[in-house]
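Right, one structure below, let's go through it.
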Amino acid sequence: MNIYLAVLNSDILSEELKLNSNITNKIEKADAIIMDWNPKYYEKIINLMKNNPKIKFVIFDRYLSITINVAEEFIKYNNVIMAEPALNFRRKYFHYIPYWIKNKDIMDITLNEEKRKYDIIYKGSFFGEINSFRKYYTEYAKEWPDKIYYEADLPENLETSGICHDMIKTQNLNFNDAKTTIIIGSQSDYEIGYLTPNFIDALNNNCVPLIIPEHKYYSLLSPTRIKSIFDIMYMVECYNTSYIGLIKDIYESIENYYPEMLTKNVASQLINLLKEN
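Given below as structure tokens:
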């Protein structure tokens, strides 16, 4: 089977898919296309489906943003498989496929080249996440001012609410400049078992992603149990001497408790889906 990849982290996914298929860089030679959903390319995707009825499509809805109308438009084509990385969402027409992570042992974890500029950063939105943001980021900033940097636009009704008081707004934040990030979400995220992709980005850049208890399905991914902002402070303070061990612990937790996230298992699941549909 010839597979064309148009997804983030396609390099590590292609390594595993190559064991059972061939990766091609030409759409016209593909038997299957695996892609991230982007609404900007809706018309292009529809045209691809119409003009290539023999090609199978796997559309990975990384941000759970495919609407029911778009999903029902896609299922008109028998060669479409839709996937979502939410453990307990179970939307009609969708298969559960988690984010894929290539496991690392301690020798695979690269040492930081420079001292980290930021203690904690936040990259995300302030909509459904607002309650958890107040509970963790805002409360932390009250105790330790100017220690949190954030990159997000505030809705108008929150501009003067003080939610980001004692935090520093900046642009182009990178996880490879930060010690930690607190992985928060909306109440819906906690119920359906959805983690922001920032978890993967942070982990890949030696920024320790701290999983809060509200993420009940993923609590075992956290290198420590976060009971209060003082636990977060402790992780920040011990980062320089402990980050390698903390990152290693997270990878071990993935292998022991969340093996479905390992790239080899995601690749196997994708191949099976393509064969069955």
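The sequence shown runs 8 to 284 under the numbering used here. Think of the CB as a built atom: it goes at the ideal place given N, C-alpha and C, for glycine as much as any other residue. Because the structure is a prediction, the values reported are computed rather than measured.
If I measure Cβ to Cβ from residue i and keep anything under 8 Å in the same chain, skipping five residues before and after, which residues do I get?
i	result
isoleucine 127	Tyr144, Tyr147, Lys154, Ile155, Tyr156, Ala185, Lys186, Thr187, Thr188, Ile189, Ile239, Val243
serine 195	Gly135, Tyr201
asparagine 29	Met8, Asn9, Ile10
glutamate 4	Any question about residue 4 goes unanswered here, given that the chain covers just 8 to 284.
Consult DSSP for residue i and reduce its assignment to one of helix, strand or coil.
i	result
phenylalanine 206	helix
threonine 188	strand
asparagine 9	strand
leucine 280	helix
valine 14	coil
tyrosine 143	helix
methionine 174	coil
isoleucine 219	coil
isoleucine 5	Given that the chain is displayed from residue 8 to residue 284, the structure contains no residue 5 and the question cannot be resolved.
tyrosine 201	coil
Count the other CB atoms, across all protein chains shown, that sit within 10 Å of the CB of residue i; report buried if there are 16 or more and exposed otherwise.
i	result
serine 229	buried
arginine 97	exposed
proline 60	exposed
leucine 210	buried
proline 266	exposed
aspartate 115	exposed
Considering only residues of the same chain and omitting the five flanking positions on each side of residue i, which have a CB-CB separation below 6 Å?
i	result
tyrosine 246	Lys186
aspartate 38	Met8, Asn9
From this set, the options, which residue's C-alpha is nearest residue i's C-alpha?
i	options	result
proline 152	Gly169, Ile137, Asp68, Tyr265	Gly169
tyrosine 125	Leu269, Asn213, Tyr224	Asn213
leucine 159	Met174, Asn138, Lys142, Gly131	First, the amino acid is wrong: residue 159 is alanine here, not leucine. Of the listed residues, the one whose Cα sits closest to alanine 159 is Gly131.
isoleucine 82	Lys99, Ala93, Leu71	Lys99
Return the chain-ordered list of same chain residues with a C-beta closer than 7 Å to the C-beta of residue i, the five sequence neighbours on each side being excluded.
i	result
asparagine 16	Trp107
leucine 227	Ser260, Tyr264
lysine 149	Asp173
> Which runs of the alpha helix (DSSP H), 4 residues or longer, sit entirely within the region 33-75?
Replying inline: 49-58
> Mind pulling the alpha helix (DSSP H) runs of 4 or more residues that sit fully within the region 223-266?
Replying inline: 236-244, 246-264
> For the region 95-129, which segments carrying the beta strand (DSSP E) assignment without a break, of at least 3 residues, lie completely within its bounds, in sequence order?
Replying inline: 101-103
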